[in-house]
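Residue numbers (UniProt numbering): 1 to 464. Heads up, the beta-carbon is just placed ideally off N, CA and C, and yes, glycines get one too.
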Amino acid sequence: MGNCFGNRTNDVKHCSNYVQPHTAGGAKEPYRSNSIKKLSHPLPPPPQHIYPQKLPSPRHETEMILFSPHLKSFTFNELRNATRNFFPNYLLGEGGFGYVYKGWLNKETLTPVEPRCGIAVAIKKLKPEGFQGHKEWLSEITYLGRLQHPNLVNLFGFCCEGKNRLLVYEFMPRGSLENHLFRRTFDHLLPDLLDFSHYTIFNLFVTPISCPYNYTCPISGGAQPLSWALRVKIAVDAARGLAFLHASESKIIYRDFKSSNILLNMDYSAKLSDFGLAKDGPTGDRTHVSTRVIGTEGYAAPEYMATGRLTTKCDVYSFGIVLLEIITGRRVIDRKQVSEEQKLLEWVKPQLRDPKKLFRIMDTKLEGRYPRKGAYVVANLALQCCHSEAKYRPHMSEVLSILERVPCGRPDHHQNRISSPRSESSGHSPYDMSQSHGSPVQWSLQGSPVQWSLQGSPLMPPRS
């Protein structure tokens with residue numbers, strides 16, 4: 001996207017009763033470009049990945065906004081013009097806390113322009129009556145206003161004029177991972193990156209609204225499901241984003257990791273969105289205990305649901321659930337299935353005790369096009385992330401190191417076909433997986449400094 005923030009202003013003059021900050025001599029603070037090259041090993045983060053020093057805990061929203069100097073303060077009129085007065089055809093979706101519209105801004109000045117004459121953005125407009133929505137609006141500014149990483153969605157700015165509370169994000173044209181896994185997608189209706197004004201089909205942060213097009217469009221005969229290579233790529237990207245948060249000085253806990261919060265751009269690069277429930281992690285030996293448990297059914301860790309105790313391992317549990325969704329193509333809870341298969345984790349566990357039964361849980365839309373050992377590694381990694389005891393779950397940095405070495409072939413955005421790695425056909429695996437009787441199972445990735453054990457796990461690695 002390049003540097004499109006050259007003329008951003010740090011003032012908050014449009015926020016009633018807010019202090020207007022200024023710098024000596026009126027000089028603007030230089031903006032650091034977010035055009036960051038992806039690194040295969042982003043932990044510890046290179047200098048380009050911007051962490052806050054210790055994220056502040058302001059007492060009121062004025063301080064929160066002042067701690068986010070890189071964001072632009074939009075007027076309500078600017079965002080109204082960017083969306084053509086919130087034109088219904090530009091509505092991307094609706095959620096419990098508000099609506100998301102598509103808009104257009106000038107790439108350099110971030111001022112409203114005619115449709116398809118600038119960059120596309122997603123504008124979240126909060127419902128004025130929602131107190132929880134207002135708290136999440138502040139949380140988004142606190143975190144996304146100060147964190148920059150290739151796998152976190154970019155927040156361009158905000159509006160806090162009168163009772164209006166809005167957020168302006170980069171537009172993610174391929175929508176959410178949830179849409180691609182569980183709903184039919186419409187990639188064949190994407191003639192141009194910016195020309196989506198009449199396609200109200202993308203799930204950006206919220207539940208999508210109805211689509212005016214028939215699901216079995218004659219243009220291509222239907223949707224293109226994700227290949228194995230793309231699924232692994234998305235999992236790696238999401239793991240990088242989550243590991244980045246956990247490695248920060250504040251040890252940020254995302255707290256709402258799920259497939260609908262993983263958004264995809266045109267090349268299927270994944271970014272985490274919706275930081276409304278994020279929290280700084282505990283320091284030292286302390287733990288967070290929430291009096292009010294907030295999360296999504298099925299994704300929240302059992303210890304958090306039972307006691308309110310919150311750690312980064314709660315995010316690891318949620319990541320494991322999403323990994324299972326990625327390989328099975330099933331929702332974490334699916335009431336349409338028979339009773340014993342409604343809860344994804346409980347259905348998968350017994351199947352993976354025998355490597356020969358792996359095919360029973362794999363998404364049928366893959367049509368068998370995946371490396372067996374690679375798929376088994378991902379499935380077992382997902383179960384270890386979902387261990388009932390948090391201490392036996394790996395850290396996200398360890399999860400990332402394993403996922404980056406999963407054989408997947410070349411990501412193909414146009415064909416739903418993938419060739420197995422040469423190691424599969426030759427009988428040689430890039431994984432050295434051995435079982436020692438009477439000791440925990442050790443997974444050692446050749447060339448990897450990471451080793452972790454499946455203590456307390458009944459799962460056994462596949463035999464070579």
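Assigned secondary structure, residue i (DSSP; H/G/I helix, E/B strand, else coil)
i      : result
Gly222 : Unreliable positioning characterises Gly222 in this predicted model, as indicated by a pLDDT of 38, which lies under 50. The coordinate reading is nonetheless provided below. In this structure, Gly222 counts as coil in the three-state DSSP scheme.
Phe275 : coil
Ile123 : strand
His414 : Residue confidence for His414 is low, a pLDDT of 49 falling below 50, so the modelled location carries little weight; the figure read from the coordinates is stated next. DSSP places His414 in coil when its eight states are reduced to three.
Tyr376 : helix
Ile141 : helix
Ile361 : coil
Cys385 : helix
Lys391 : helix
Pro112 : strand
Gly133 : helix
Ser259 : helix
Ile333 : strand
Pro128 : coil
Nearest to residue i (by Cα), restricted to the options the options
i      : options                        : result
Ala239 : Val289, Asp315, Met305, Ser176 : Asp315
Leu105 : Asn77, Gly95, Leu242, Pro88    : Asn77
Leu358 : Ile327, Gln384, Ser397         : Ile327
Ile402 : Glu346, Ala382, Arg335, Ala247 : Ala382
Asp274 : Tyr169, Tyr304, Tyr299         : Tyr169
Leu147 : Ser73, Ala82, Ser250, Glu108   : Ser250
Met172 : Met396, Lys271, Phe86, Glu108  : Lys271
His134 : Arg165, Lys124, Val399         : Arg165
Val100 : Cys117, Leu138, Met362, Ala82  : Ala82
Met396 : Phe97, Phe244, Val153          : Phe244
Glu398 : Trp347, Pro371, Leu242         : Leu242
Gly298 : Arg330, Tyr143, Pro350, Lys127 : Arg330
Glu367 : His70, Val153, Ser227, Leu155  : Ser227
Arg183 : Cys160, Gly145, Pro225, Arg372 : Pro225
Cys159 : Glu140, Arg174, Gly175, Leu152 : Glu140
Ile119 : Leu324, Lys107, Asn380         : Lys107
Leu181 : Arg393, Asp363, Tyr376, Lys391 : Asp363
Val121 : Cys385, Phe86, Leu277          : Phe86
Leu277 : Glu136, Lys233, Leu91          : Glu136
Ala247 : Leu264, Val378, Thr311         : Thr311
Ile321 : Ile234, Ile123, Val338, Ala301 : Ala301
Lys124 : Thr109, Leu155, Lys336         : Leu155
Pro88  : Lys102, Gly95, Leu79           : Lys102
The beta strand (DSSP E) enclosing residue i, as first and last residue numbers
i      : result
Arg165 : 164-170
Phe156 : 155-161
Val399 : First-last for Val399: 396-403, but that is the alpha helix (DSSP H), not the beta strand (DSSP E).
Leu152 : Neither: Leu152 is in no beta strand (DSSP E) and is coded neither H nor E.
Leu105 : 98-105
Start and end residues, alpha helix (DSSP H) containing residue i
i           : result
Gly317      : Looking at the sequence provided, one finds Tyr at residue 317 rather than Gly. Residues 312-328.
Gln304      : What sits at residue 304 in the sequence shown is Tyr, not Gln. 302-307 is the extent of the alpha helix (DSSP H) around Tyr304.
Gly241      : 228-247
Glu346      : 344-351
Leu91       : Per DSSP, Leu91 belongs to no alpha helix (DSSP H); it is in the beta strand (DSSP E), 91-95.
Leu79       : 76-82
Leu71       : Per DSSP, Leu71 belongs to no alpha helix (DSSP H) and is neither H nor E.
Asn85       : No alpha helix (DSSP H) contains Asn85, which DSSP labels as neither H nor E.
Glu367      : No alpha helix (DSSP H) contains Glu367, which DSSP labels as neither H nor E.
residue 465 : Nothing in the structure corresponds to residue 465, since the chain is present only between 1 and 464.
Buried versus exposed call for residue i [16 or more other C-beta atoms within 10 Å across all chains shown]
i           : result
Ser388      : exposed
Ile201      : Bear in mind that a pLDDT of 33 at Ile201, under 50, signals an unreliable position, so the number given afterwards is only what the model happens to contain. By the 10 Å Cβ count, Ile201 comes out buried.
Glu114      : exposed
Asp280      : buried
residue 531 : The requested residue 531 is not part of the displayed model; the chain covers only 1 to 464.
Thr307      : exposed
Pro46       : Because the pLDDT of Pro46 is 40, which lies under 50, any placement of that residue in the model is unreliable, and the number read from its coordinates should be weighed accordingly. By the 10 Å Cβ count, Pro46 comes out exposed.
residue 480 : What is shown of the chain runs 1 to 464, which leaves residue 480 out entirely.
Pro128      : exposed
Ser260      : buried
Ser318      : buried
Asp267      : exposed
Glu341      : exposed
residue 470 : Any question about residue 470 goes unanswered here, given that the chain covers just 1 to 464.
Pro371      : buried
residue 511 : Because the chain in this structure spans residues 1 to 464, residue 511 falls outside the shown range and cannot be described.
Ser339      : exposed
Arg80       : buried
Glu325      : buried
Lys356      : exposed
Gly175      : buried
Heavy atom of the ligand MG within 7 Å of residue i beta-carbon
i      : result
Leu277 : As presented, the structure is devoid of all ligands, the ligand MG included, so that no description of it is given.
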